[in-house]
Each structure stands twice: as C-alpha cells, then as structure tokens.
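These notes concern the structure reproduced below.
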Amino acid sequence: MLLIHCPYCDETLPEPEFAYAGEAHIARPADPMALSDEEWRDFLFIRSNPRGNHFERWRHVNGCGRFFNAVRDTVSDKFAMTYRAGEPRPNLDALKEAAE
Amino acid sequence: MTAQIHSFPRSTAVAVTVLPLEARFSLRLRAASREAAEAALGLPLPDRIGRTSEQGGRRALCLGPDEWRLDVPAAEAAAVAGALEGGIPHALVEVTDREVTFLIEGPGSLDLLAIGIARDVRRLEVGRGARTVFDGVQAVLVREGEERFTLAVWRSYASHVEELLRQGAREIALGL
Amino acid sequence: MSQPFRIAGHGRVDHAQPVRFTFDGRTVEGRRGDTVASALLANGIHLMGRSFKYHRPRGVVSAGSEEPNALIGTSRGPGRFEPNTRATMQEVRQGLTAESQNKWPSLSFDVGAINDRLGRFIPAGFYYKTFKWPRSFWDKVYEPFIRQAAGLGKSPTEADPDHYASRHLHCDVLIVGGGPAGLAAALAAGQSGAETVLVDEQAEIGGTLLSEPGVRIEGQGAWDWLAAALAELRTMPNVRLMSRTTAIGYYHQNMVGLCERLTDHLDVLPEGAPRERLWRVRAGQVVLAQGAIEKPLVFDGNDRPGVMLAGAAQTFLHRFGVKVGNRVAVVTSHDSAWHGAFDLAHAGVKVAAIVDVRAEVPRVLTARAEALGIEVLTGHTVTGTTGRLRVATVRVNPVQGGRVGAGRTIACDALLMCGGWTPSLHLFSHTKGSLAWDAEAGAFLPDRKTEECEIAGAGRGLWGVAAALEDGARAGAAAAKAPGRVAGVGTFAVEGDRTGSGVVAKELPTDRDAGLAKAFIDFQNDVTAKDIRLAVREGMRSIEHVKRYTTNGMATDQGKLSNINGLMIAADALGKEAPAVGLTTFRPPYTPTTFGALANLRKGRHFEVTRRTAIDAWAEATGAVFEPVSLWRRAWYFPQAGEDMHKAVARECRAVRTAVGMFDASTLGKIEVMGPDAATFLERMYTNPWAKLQPGRCRYGLLLGEDGFIRDDGVIGRLAADKFHVTTTTGGAARVLNMMEDYLQTEWPDLDVWLTSTTEQWAVVALQGPNARKLLEPLVEGLDLSDDAFPHMAVVECTVAGFPARLFRVSFTGELGFEVNVPARHGRALWEALWQAGQAHGVVPYGTETMHVLRAEKGFIIVGQDTDGTVTPQDAGLGWAIGKAKTDFVGKRSLARPDIVAKGRKQLVGLLTEDPAVVLEEGAQIVADPNQPIPMTMIGHVTSSYWSEALGRSIAMALVEGGRDRMGEVLHIPMPGRTLRAKVTVPNFVDPDGQKLKV
Amino acid sequence: MTHYSAFSLLKNALSGHKNWREHWPDAQPKAEYDVVIVGAGGHGLGAAYYLAKEHGITNVAVIDKGWLGGGNTGRNTTIIRSNYLYDESARLYDHALDLWEDLSQDLNYNVMYSKRGVLMLAHNVHDVQSFQRHIHSNRLNGVDNRWLSAAEAKAFCPPLNIAPDARYPVVGAALQKRAGTARHDAVAWGYARGAAARGVDIIQNCPVIAIRRGPDGAVIGVDTAKGFIKAKKVAVSAAGNTSVVMQSAGLRMPLESYPLQALVSEPIKPIFPCVVMSNTVHAYISQSDKGELVIGSGTDQYVSYSQRGGLPLIEHTVAAICEVFPIFSRMRMLRKWGGIVDVTPDRSPILGKMPVKGLYVNCGWGTGGFKATPGAAHLLAWTVARDEPHPINAPFTLERFTTGRLIDEAAAAAVAH
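Protein chains in written order, with full-length UniProt numbering: chain A, 1 to 100; chain B, 1 to 176; chain C, 1 to 999; chain D, 1 to 417.
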C-alpha cells in the first residue's frame, strides 16, 4: 500500500484513496481526424513503460476527486514528486540538483 | 433527534446512531465565483480542502478545489436550491437522499473507524472533514469533536457499513 | 499426573495451574504458560512428528516459530481444526486436542517410513528423471501416486465458524521484537514522547531475557528488570505493547502487516470474539529487533528425536522449567551452547560431554566445564547417532589436520547442537534491502536500506544482552528523532552477560562414506547435504536453482534453519565463497499466516457489499427471485404460486404488452451534468448531437471508448439549458463518471461544467405498457400527459403521488412508457402508490428478465451482452446515433481505422429459428457450412435469445460476419447432437414501425 | 546428454549418485551467433531448443540477466489451459497443449504435466453467457471444454462451496479436462538441458544492455554486460522487461508491465483434485504435488518492476478463496511472491517479426505465458528460422494495433481489469 501526496489536498494519504490512471503527458490530439493511423496508434496504445522514473497519472478518487500527475520510480515504487494536472512535465535533473 | 440503532451492543466505548435527513447539496464552482456564491448563500465557503464553515444553521465542507458539501435545515432546502440562479457558473445538486450519515461517538470511536479507514484519523482536526474510504466504500468523514464523528456513505452501501460498524463495536466492547 | 522432566519451581510457567490436553488421544498435563512442545517434553515425549519425504521420526528442534518438525493438528471442536500448528508456538489450553501428522497407522510405527529405506533411489530431483515410461502410466499411475504422497497435515473439512478482525494503526515508531534490543528501543522511543508500538510474536514479551535469568541488568535480575521495563512502558500513554503478534510482512513506505492471535490460547472462547486480527501499521520509523535464529549442525543422524538446538534446550529449561533429557550431550561450533550446557548441569541434568568442532575454545569455557565435571572434546566431530524413536547414543571422533580419527560412542537421551546464529533479517529482506556477508560474524548483515528503518541487536550481528540493550536504545532514539522530541540514549550496566563467538561449519567431517550419511539441512523437507552436492553436480549453480531442485528452504519454516547451512555447502561444492553464491530471497509472511486473518472482515456476505434499492424490500416481501448485477441485487422475476421462471416471465411479458408493468430501475447510473458548457461537454463525450436538444426533451446517448468500441449507453434528458440528467447502465455508472471526469479535468479543463453522481439520490420506477398513462395520470398534478403535450422522449420536473419527481417518457420495451424519479427516501412509497393505483389497470411488477425479453423483442442492445468490447456503433446497427456533422467525439478517429471500416465485420442481426419452439443458447456459435470438419469456420454467435410471449415463438440477436448483407439467409448453429437452422432478420421483432409509442 | 530413466536412476543410486552429469554447461559468449535469444525463460529456452531440433539452427545463444527460469517461468501458478474465446487464441493455446502432452518424453525430462482439469466458475447470468460462448466456440474448434452444473462442479471439486446463499453463489462451471498444471522449473530446466545438448549456449547473469542495429537498420547483435555479441537475428522473449529491451532498438511497444502476485499455503494432504478459477471473484487455485495450495492473485493497479506487491491485494485474494472454499479459512499462507507481467491493450500476445530486419519479439502474454510455453517457443523458433510467421501466430502481429484488428481476450483473461 503506497503513500501518495495529493497536490490538491496537500496531504500524504494511503493508496486506497487513489486510483492509478496510466501514463501522463499523453495529451489527446486537438484534431484526431488529421492523424495518420500510426500516429493515432501511438496516442492510443504506445506506452513508455520505463524501468525507472515514470510520469503517470493518479486520481484522488476517494478524496478531492482530482486527477494529478506523479513521477514514480517503477523499480522502487518511490514517488519523486506529484503535481497538478496541466502543469508541465518537470525536469527531473533540475529536481535532483535542487535536492542536492 | 437521533435514533439509537438497537442492534448495536450497549457499550460505553462507542455508540453509533443514524442521523435524520436534513438537506444536503453538492456545490461546484470555480474559485472566481466563490465570493459571489458566498454572498448569495449567506455562508462562507472555505477555500482549503477539509475545512468547514458554519453560519445561521448552514454548513459548508470543502471536499475538492471546486467542491463543497452544503448541509442546511430541511426547511431551507428550496431557498438554497434557488439561491444561485443566474450569473454564477456553477452546479448545485441536491444529494440529501443519496447518503446515510452515521454519528459515531465515544472513546472507542477512533478504534472503530480504524477497522475500515486507512488514513490516520487521529490527525483529522476537530471541525474538519474529508472524503475517504471505509473498507472499500467511499465515505465523507467529519470530526465533530474529539470523540465524535459523522460518516456519510451512499445509501445502498449503508447496511454493509452498518454491519461492519456493529461487528467492530462488539469487538471493542469485548476489549480484545 | 507426573511430569518427570519438569523441574519444580523452575521457569515462568504457573506450577499451581495444571492444564490438560490430549496428544494423539492421550491425556497430557502441562502448566499454564506451557506450549504444547514444552508440556510434551515435560512428560518425556520427544517424538512429535514425521518428516515429509522419508517419514522419519522427528522430535522438536527449536523452541520458537522457526520449528520445522513438531507440527501438529490442533482442534477445539467442530469446524475449529487447523493443521501444521507449531507445537512450540501453540500455548496449552484446557481441552486442546492435538494430533501428530504425516503418519499411518501411528506416529511410532509409520508405513511411509519405507521411503527412508529407499532414500538412495529417490535423491533430490529424482522425479524429473523418471515416471516418463510407459507413456500412459504417467496420467493413470505415477502422477496420482506422487500426488497422494503430498502434504503434511490434513486440511480442515468444515467451514470456519470463527470470524476475524482488522485494524489500521499509525505510529511514529514500530518496534518488531520484544527482546532486550526491542525493549531498550521502546524505552528510548517511548520516553521521547513518540507514538511507539512494540510487537512480539511470543505470548510473553522479553525474548532472550526469558531464557537468560542469570544476567543482571542495572543491578537487577533479568526477569526483574524485564518486569520493571514492561511496567514502565505500560505507564506511557504513547506506547502500545502487543504480544502474540507477528509482524508478517514489511511493505511499501513503512507499512507493516501484523497478525495478532486473540483467542487460540484461551480455554473458553468469549462470545463473539474474533480469533485473530490483521493490523496494517503505518510507521514513521521501523526498528527491526528480531534477534537471531540458531543454526543446526549438519551430521549423519542429526534429525533423531532428542537432537535439538542448544538454545532451545536452554529456553525449555528457563522459561518452562523443563529439562529436555536426563543425560545430554552437546555438539557445537559456537560458544553459546556451552552456556546452555552449564545451565542444564546446574539444574541437575547430567551433561555427558561437550563436543566442539573447534580446536581452540576459550579457556574460560573449558575450565567451567571441567569444574562441572563435563567431559570436553574440542577438535571433534560427530559422525552418527543411534536410537529409533529417540536418540540413544552419539558417535564422536577427533579431527586432526583434516583427518578424522577413530570414533567412540557416548550414550545420551538428548543431543544439543549449535552451529552458530543467523541474524533474523526476513522483514528487512521484504523491503528489498540488501545484505552483505560479514566474514567475522559468519553471517549476512544488513547493508543498503530502502525504507525508513533501523536494525538493532543480533540482527546486526551484535551478541549479548549488553550489546543488544545498547544498540536497541540507540536505534529507538534514532527512530524517535523528530522535531520537538528528545530521545536520550540509555546506558545499561550488565553483569553475567554471555557473549561468544563461533565458526561457520558446513557438514561435519566424517570417517564414514559421506554418500551414505543422512545429514539433514532442511529437516521437514528431508534435504540432506548430499542432495545439495548432487544438485551442484547436476549443474545447478545458482542458489535459487539449488533451492528449487532440492526443495531446501521451502518447508514451512521457509529456510529459517536451513538456508545458511545449504548455502555454505553449495558454496563449498561450487568452490566459491558464500557471498559469491548469494542468498535466496525471503518473502512474506514471516511465519505462516491464517487465511481468515488475511481475509478479515471480508467473510460471508461481507465478502463484498450487496447494494439494494429503496424498493428491494418490497420485492423481497413479494417473493421476487434476485440476480446480481454488478454490486447490486436486482429483482429477476416475481414468480407466483406454482410458477417457474419461464411461466413467470411469460406472464410478466404479457402483462406489459397488454396492460402495464412496474419495474424498479433505480440501479441505473445517473449523473447530473450541469453548467454553461454542459451541452458542449456531452457533444464531445457522446456520439450523438446535443446542442440542439431542447430542454424538456430526451435522447438516447451512445458512449464509445477512444478505441471506437461501445462502452455505455443510456437516455439523457435536458432539464434546462445548462442541466442534463444523464443515465448510464447499472454496471457502468462508476466507470462512466470516472471517464467523464478524466476528459473534463485533463483534456477540457476550460469547460464550465460539473458532474455529480445522483444514482442514489433518485429511486426510479418504470411504468411500461398500454395502460401506463391511465395509471399515472391521476397521480400527476397539473400536467397534461397526452401524447401531444408530453410526447415520447419528453422529460419534466413535476409532482407524482405527492413527491417531487423527474418524469421521463421513455420506453425500453416498445410500449408506452414512463420513468418516475423521486428522492430515494420516497421510492418505496411511490412504488406502493403506483401499485395501488395500478390494481385497476392490471399492473404487474416485473424483473430484469422480462425487461431483457421485451427489449430484445425491439432489438435494443444490452451493453456487455450484445456487445463485448469489440463492437462499434456500425457493428451494432447504431450508426444512426452518430452525429454526422460532428468533427470529433471520443472514439471517432478509431472508427476510421482500416480494419474497422473493412468489409465482413460482425454485425448485429436478428435470428429466427426454423423451429419456432427452439430457443437458441446464448453464446451458441454460428456457421455458414454445417458440414465442414472441425475446426469449423465460425461466422458469429448468439448474443441474446428468449422465448417471445408476444410472438409465440423464439427470437434471438446475433453478431454475424457481414450480417446485414445476409438478410433472409439461413445459417446453422451446430449444437451437440444436432444442428439448428435459423434465418437472418432485422433485429426488431415486435411493432417494427413503433406504432405503440405514438399513443 | 545422459538419458534419464528409472534404470539410470537405479544405476546411479548404486554408485552414490556421483556420476550424474550437469544439466547444462555454464557457457561464455562466443563472438558471433546466428541467433541470439534475449531471455532464458521457458519461452526463450524452448525457442532455442526447437531452433536446434526442428530447424537445424544450433549456433544459438540464450542470454539472461539473471539465472535461467528466474523470471515468470519460476513465479507463476503453473496453470495450463486452452479454452480461450477467440479462434486465434484457442488455436494458439491449443497448439501449446498439444506440445505439453508429450513434452516429458520429447525432452526426456519429466515436466509433470498433470491433466487434472481446470474448472472456471460461473457466478451470475453474465458469466454463464460468456462461458457458453467459450464452450460452443471451443467445441467447434476441437478444443475440450464443457459445461457443468453447480452440483457436477462440486462432484468434480469437493471442497467447492455451492450454497445458493453465498455472496457469489456458484451457478455452474466450464470444465476443460485436458487442462491442468505442470512443474514450472522443470520446463525451463528440461528445455535448457535439451537445447544445451544440441549445442545452444546458455549464458546466465549477463544483462543485455542494448540491441545494436547496423547502418541499414538491420539488427547486427547485442551489447551485453560481457561485451558485444554479433548476431544475424535477435529474438526478444523477455516478458516484463520487453519494453526496456525493445526501446534500445528504437522500438516503442504497446506494453505495460504490472506486478502480479501469487501465494501458497502450508502443505496439506491431497484435498484439491483440480484447478479452479473464478474470474468474477478473482480466485485461482490448485494444489501442488507437495501439498501446498497454489493461489493466484491479481496485479497491483500501477505499472511497476519492483516485484514487491501490496498486502491489500493478498487480502482480497485470500478472501476470495475463502468465499469459494470456506473450509480453507483456518489454513495458513506460507509464502507469497511477485512477478512482472507485460500486458498489451487487448490482453493478447505479440509474437512475430518486427519492423526492424532480423528482430523478432515474443511478449505481451500477461498472465497467460506459462501455459503457452511450448507453443510460443515452437512458433517463435519457426518465425525466426523462416523469417515469416507460422499461420497460428500470424494474427498476433504488432500491426494489429494500427489497423484495429484486436484479439480482445480481456473478458477471458484471468486478470483483474
């Protein structure tokens, strides 16, 4: 059971309050009909699935109800950070430097 | 007026009752509309999730960045329902009948809640609340006093939650 | 009843309180505070079980939860039996029934022991090499034979009458293990004010101190100090002490699972008491103070009853006042066993000899032994034992320069062994923390941490009470460290501490043929040293391969006794150092954990919530049969006396088509979509157009996934320009709301619209049938319900039977229909009002089955039955529901993919069987050519199939390749024994022109 | 290779088992291979075995980052069945079942394939409809699968609770009698032994760092912890790690890796004669030849390579077992573990050629990998040897995610979804 920081509630809370919602920063194309079949496939199905830092979405479904983004190491399952939906993809190197 | 549920074991440790229905609304609006809505409702709308406000028998609990639960006397339901007509982009939906609200009180109330709630309820300050989950059932918990809580769940889940609370209350009464 | 091996007045048991139980039918008396093992030993009983593979007689080896041999079946009456209980952990209680396992006909004479004689023919992994010939024998002879040999204890056969509890707990510091390190940690953390929890798996907290009464701490005897420490901890409101509580697993972010045993030790079960409780603890810091586990030595015959760990003998002596024999011998590679031998000698036990594999032993030990009249044999090995059901002699030989000299035999009735100690780091391993080999300690010690934890005491390779106390205090203080908390590091003056050291041995040298030695490593699984060497010889180089090939470490102790011995021997065989070979991973749980405790509250009807509507109780009282639909239970049909399902449904269908029926539709998902951008939002979500839908009107809505396949459907009513009442399927309610929130929050956050679930706000009653209006009209105030004023697909807010209502004119049956929504508290009253009013109009209540039949007669789909996640709107014949002018909606782009627009896709059609009496099976497969061989080419399947009372014949819906181009074609449905024929039709069987709606 | 038999066992017993030969030698990489297979699980080792045995291609290396059989091969609940819904799937898994039948003889290694039957429980009308669809489809495909009433299911599996007042009552079951279990480690070891005897190099503890491509885009080999290894063809059969390996060749995959947990009870005398699966309550159980109840759990909700898994999932799984088998409530969980499964959007595998010349992949098996082992291995070998798919794996392309011809077994997969 993970502990997850909700950036809207500003509280760190147990996993049962949250639902995982897949990879983050895969924006729905503004005009899907203009996309090739391959481009549309990439949007629908292709996922980075990394060993290491993963940009992903969670929803505080049993809480404030908001979707938000997180960076989590898929090997240790540790969260590096969470941030609100709509905020840009954080620069992890900068983040690491700031921590040091 | 609250009615004691007969099937709960008599225990000084914890008592569980069902609160009667008054009127409850879900209010949704953007931060920019908050002040206008406060004026229209005659009730401050707290801007931090988990905070409550009360005025004139009306009460607001902030559940999300754009969401409040409003509890008002039944007699004022119609007035509240119409209060925000015109001008303010919002959603105001009556949900009185959607929910059953349990009142849990006594020195064993924290232990009883801990049978189903994963978050640390001790850290919930008096006068604050949160949407959370009780053994898989979504619930809104408010700490009314040090040892006094309300727990609201959707109607069709209420008997399940009630039975678990009963089982937990019996266990706490046994002192095991 | 005599307890010949009990030492009067000794130990922590209550000598004034006898406790009687039975073992294999024989009444045994123990004392309050005994375990089954200590009570049996007090009565001179060592033989407690049989091993798994060879059925060798076995006695108790340890005094703790790591026990591999003394596993018993325990019972306290009907339904309350459990196998494989460790006799060393089960406390005696009045009337406990205990039985030995894996033996037939009796524990002392077991036919299965023939395997022991055949041992050389069934080495590790033998089954991989045999049983393959003749081919047919595997299924019929060999495999069933192997399976019959499985297992230790017997399964319970009755449902468990007990229930189990669960609790969440949050604390600053969780300390696992209540020995000196854990106690010192708890004192330090507790005194700092930190919320502290100390758990210990034993009935009594104290750990090593319970077995070391001779140590003096702060000028007090160990037991007095322990009592004082516990008393102090109990006075601290911020400290919780939990005994009989095992930390089973260490999970992400300092969550530790605990299993607390509440009643298994009680003579009488309190009414309504849970048996065990699962705790989910979230701790700021965890202190692991789990001590160390003693290792056996590996030599021929090290498994006979009476051969046990020296530390266990010491525990039985001090904690339980039991001497494990009258004449014991000791074999050791570590100093600690010497102390145990001295304690036994002091208690009056004859210690025949102390055999130490080391040539050099501290002089202080040998001198003490000599003073006690104990023969000392350093630089010796053990090469065999005798005794069928109890050890009788041990054979010892001198070892010089690697040569094993001549053996001599020493008589004994117990042989105590000690191969050193393994730090107990199981929970640490659960965190994926890494271990490093410490050559000096001869053990793996914690290295890199992944969680917020401290390891204290013997877990870090620190031996002795003083070191454990000091390290525990350090760890406790470190763990408690937080702003505003001051944690002092206590110091402890300790006298009489018995630290020591030892060497790590592989199997002991012998002068006999090592190939014939039965030198056990994993006692329960009968893995011997030569099995490990065989595995290596056969190419198993990874320790995981060795483990899996030999089953070493896979018994119920999960390698607690065997892992390091197995590793040392494998490393030797591989010619590598131990750390280069590595350790297998420890996995949760720490000790076997009751299923019931893991399931805890989710038992019986609480396994999952059953959602009920406001009208459910009426249906139940009326005798409805229910069916589960997602988490809801719904009235399936309402049989009257003498009716089966078919008759009831036929009657209900007739009533709806000719008079009027009432249906509880409350479970349908309902979402209030409100805000200035509500219509825009629905335009983007649903395939249909919404902008021009007038307030007061409804429309069927179709929702796709982004992959273009149908996800959900339902009627959506526009109540105002900015307010829609959206309905979803019963099972789809939560999913659809989540999907809508997802798009709204993350793709279109600019839209001013909000979603509120109102599923449970409204109770919904559907009135369907030609008499529906007549029934309803008198109950609706001030509203013209005529077709002109309130036509099909209209919606209005009004008052029905005195209740505020949302009234829809909709039909899922093809009949004139209304759906009345009222606040849920009024649902039952509304239903009864309609029921009363309906008596004059021939009203019947109907259930979901009739609803399904009536909609199938109209060809309306059920998402999830007529669709399966691969069906597009065009496939389902719902192309008309797509807004042609819309440039985008969820799923639109996918509908243009090559295989979605390709010819030959499965399309929803109607099927009429040639024989009208035959109702096709749902799921039956359809072929074009019935005479083809198997495997056949299937072109579709039946999705819905019913007896249509209206038509007096069967009807069906099916997904068929190119189905709409096959109208009139006869297709074949090959069933077992016969092939059915059916004609393809339009899926609209009753009133195809919809005349009945226009009334 | 020493032939294994009761006779060889007897002979070796008399010489103290000192003359057994190793199952496979510990190979070091050569400079170049015709085929390099990434991943020494049952699938990869099996593919090497069939490449050598059926296609005469023996200059093959199987490379693994750890010990062979240490991934999902050694971490699953060993269920074998083929009663899948879609024709494509049923044929794929039935091909595997055909090979399972004679695998012990073929390998001269007893993989203990036990045809004890797999019961899939139906708890509601929707289950019945879905199972009937499977059964009818399977029957016309020649795949064994039949319907049992609740009472018949109870007769087949006596511990089953068929009380009608259960929260999830058993209303019937689909039975595939030919299905069952096998000894998972033995499958990896048997294939490894057979492949090694035919000249295949098995290289353990040698992580593949990258797949290297030449100037024309074609595969030229793999960079490993032990240096560059040249290869004409590379086949990736790395289960949960497929995305990471393929990324190194510049290919992004429609895969996500989830932690899947399983557990066993303490061993008991035989009580459970078959395999029982309930997709509705998420309970999968059989009894091993050692006597342990082997229980499959679900996946955690989030993508992960941690192999840790949470307690709540285990609680739910055990509760589900106790719901269907209340007699096991007082049994104890002995051990639980985790694996990493790679899951495709339609829950069906990808098995075939990649858009990169000389690169092949076998992945996306989700929870279905073990049962497919001989079939997947056999088809992968065929595809690699001939540079074209076998008709059975031809539908399982990567391209289907572009065109929309998905093989959606989500409803049929034994995984929470």
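Glycine included, each C-beta is placed from N, C-alpha and C at the ideal position.
For Val125 of chain D, the nearest CB of chain C lies under 7 Å from its own CB, placing it at the interface with that chain.
Contact check for Thr181 of chain D against Ser286 of chain D passes: the beta carbons are separated by less than 7 Å.
Below 8 Å, too few C-beta pairs join the stretch 522–540 of chain C and the stretch 420–433 of chain C to call them touching: fewer than three. Cα atoms of Leu45 of chain D and Trp382 of chain D: separation of roughly 14 Å, rounded to the nearest angstrom. Counting only Cβ-Cβ distances below 7 Å, His545 of chain C has contacts in chain D at Trp67, in chain order.
About 7 Å separates the CB atoms of Glu94 of chain B and Ala23 of chain B; that is less than 8 Å, so the two are in contact. At least one C-beta of chain D is nearer than 7 Å to the C-beta of Phe595 of chain C.
In terms of Cβ geometry, Pro423 of chain C and Ala406 of chain C do not form a close pair [threshold 7 Å]. Within chain C, no C-beta atom comes less than 7 Å from the C-beta of Leu41 of chain B; the nearest is roughly 16 Å away.
Excluding residues up to 5 positions away in sequence, Phe812 lie with their Cβ nearer than 6 Å to the Cβ of Arg855 of chain C in the same chain.
A residue is called buried when at least 16 other Cβ atoms come within 10 angstroms of its Cβ; Gln176 of chain D meets this threshold and is buried. Within the DSSP secondary-structure output, Glu67 of chain B pairs in a beta bridge with B:Arg28 and B:Gly64.
At a cut-off of 7 Å between beta-carbon atoms, Tyr8 of chain A makes contact with chain B. Of the residues assessed, Thr332 of chain C falls on the buried side of the cut-off, its CB having 16 or more other CB atoms within 10 angstroms.
Residue pairing for Met957 of chain C: DSSP places it in a beta bridge opposite C:Gly910 and C:Ser944. Within the stretch 135–165 of chain B, contact with chain C at the beta-carbon level (separation under 9 Å) is assigned to Asp135, Gly136, Val137, Trp154, Arg155, Ser156, Tyr157, Ser159, His160, Val161, Glu163 and Leu164.
Judged by DSSP in its simplified three-state form, Asp73 of chain A adopts strand. When the Cα atoms are used, Asp787 of chain C and Val999 of chain C turn out to be separated by approximately 6 Å. Judged by beta-carbon spacing, Tyr258 of chain D lies beyond the 7 Å limit of Val361 of chain D, meaning their Cβ atoms are not closer than that value. Among the residues of the stretch 116–137 of chain B, those with a Cβ less than 8 Å away from any Cβ of chain A are Ala118, Arg119, Ala130, Arg131, Thr132, Val133 and Gly136, in the order of the chain. For Leu351 of chain D and Ala249 of chain D, the gap between their C-alpha atoms comes out near 17 Å.
Residues of the same chain with a CB within less than 8 Å of the CB of Ala188 of chain D, apart from the 5 flanking positions on each side, are Ala40, Gly41, Gly42, Leu45, Leu68, Gly69, Thr73 and Gly74 in chain order. Between Leu210 of chain C and the set C:Tyr590, C:Val286, C:Leu668 and C:Gly321, the nearest pair of CA atoms involves C:Gly321. Residue range Leu311 to Val324 is occupied by the alpha helix (DSSP H) that includes Val318 of chain D.
Taking one beta carbon from each stretch, the stretch 737–755 of chain C and the stretch 678–690 of chain C have 3 or more pairs nearer than 8 Å; the two touch. In the structure shown, Ser48 of chain A adopts coil according to DSSP, grouped into three states.
Per DSSP, reduced to three states, the secondary structure at Trp463 of chain C is coil, with no helix or strand assignment.
Using a CB distance cut-off of 7 Å, Ala319 of chain D counts as an interface residue toward chain C. Within the stretch 36–60 of chain C, the complete alpha helix (DSSP H) segments of 4 residues or longer fall at 36–42, listed in chain order.
Assignment of Ile716 of chain C by DSSP, reduced to helix, strand and coil, places it in the strand class.
With respect to Gln925 of chain C, Leu140 of chain D sits close: the two C-beta atoms are nearer than 7 Å. Among the CB atoms of chain C, one or more fall inside 7 Å of the CB of Ala85 of chain A. Residues of chain A with a Cβ closer than 8 Å to the Cβ of Val244 of chain D are, in chain order, Asn49, Pro50 and Arg51. Bounds of the beta strand (DSSP E) holding Cys171 of chain C are Ala165 to Val176. As DSSP reads the structure, Thr378 of chain C sits in a beta bridge with C:Asp356. Around the beta carbon of Ser26 of chain B, 16 or more other beta carbons sit within 10 angstroms, so the residue counts as buried.
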